[in-house]
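Sequential numbering from 104 applies to the sequence shown in the numbering used here.
Heads up, the beta-carbon is just placed ideally off N, CA and C, and yes, glycines get one too.
Quick caveat, the model's predicted, so the values are computed rather than measured.
Notes to accompany the following structure.
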Amino acid sequence: MMYTYNMSSIRHGFTLIELLVVLSIISVLATVIVASLNSSREKSKINQTAVQIQELHKAADFYRIDTGEVVPNTCGLSCTESTDPLQTNVNSIPGWYGPYFPVSLVDFTHQWGGHMTVRSGNVDTSDPDIEMYVFLDDDAPGTSSSDNSGIIPNEAIQEIDSMLDDGDLETGNLRGMGQFFTAPVGEFVFIIE
104 MMYTYNMSSI
114 RHGFTLIELL
124 VVLSIISVLA
134 TVIVASLNSS
144 REKSKINQTA
154 VQIQELHKAA
164 DFYRIDTGEV
174 VPNTCGLSCT
184 ESTDPLQTNV
194 NSIPGWYGPY
204 FPVSLVDFTH
214 QWGGHMTVRS
224 GNVDTSDPDI
234 EMYVFLDDDA
244 PGTSSSDNSG
254 IIPNEAIQEI
264 DSMLDDGDLE
274 TGNLRGMGQF
284 FTAPVGEFVF
294 IIE
């Protein structure tokens, strides 16, 4: 007995195995694309933060050139428009010709959401001089020091250190992640010379 097939009754399509292979290829490609986008996004945050640090550095330098003094510590987490030394002559200092920065430090944040400001103090205990420094806090503006919502990843701090300083968080002007100065894990300072 011979079987005959009607060509119109043969189904054309994909087998389950073929569909699973295609789906697995698509998922691998999607994973690679998402990882690439996340990497690009993180690099962008690092670059933008490095630019912000450089701009604050310039503003603090101009403040010191004009007034002969370091920026006062008046703009921490509870900073207001009237206590921002780069926008307002807070202590009626002669020679102040600000504003020195295009935006107020009141709500100025780095790319991970923490407060970013210019401060002064003795951050290097091996040196008795008062230094000005850019401080990248892990706390959002207007919060308390226990907020910690803007922690900067260690890899990002290392990359910023490599871009702006010596690449070593234990030496140079950029210190962080609990390495000396006043910056615990998730924060860092950049001393302005």
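At least 8 Å separates the beta-carbon of V292 from that of M235. Boundaries for I196: no alpha helix (DSSP H) harbours it, and the DSSP string shows neither H nor E there. For L140, the enclosing alpha helix (DSSP H) covers residues L119 to T170.
In the three-state reduction of the DSSP assignment, T186 falls in the helix class, which pools H, G and I. Where I263 is concerned, the enclosing alpha helix (DSSP H) starts and stops at N257 to L267. The stretch 182-192 makes contact with the stretch 201-208, as at least three CB pairs between them are under 8 Å.
Beta-bridge analysis with DSSP links E234 to G224. Rounded to the nearest whole angstrom, the CA to CA distance from L123 to I129 is 10 Å. About 5 Å separates the beta carbons of I260 and G279, which is inside the 8 Å limit, making them a contact pair. For the pair I149 and T118, the Cα-to-Cα distance works out to about 47 Å. Here the alpha carbons of G216 and S181 stand approximately 16 Å from one another. C-alpha of D269 to C-alpha of Y166: approximately 26 Å in a straight line. Under the three-state reduction of DSSP output, H213 falls in the coil class, being neither helix nor strand.
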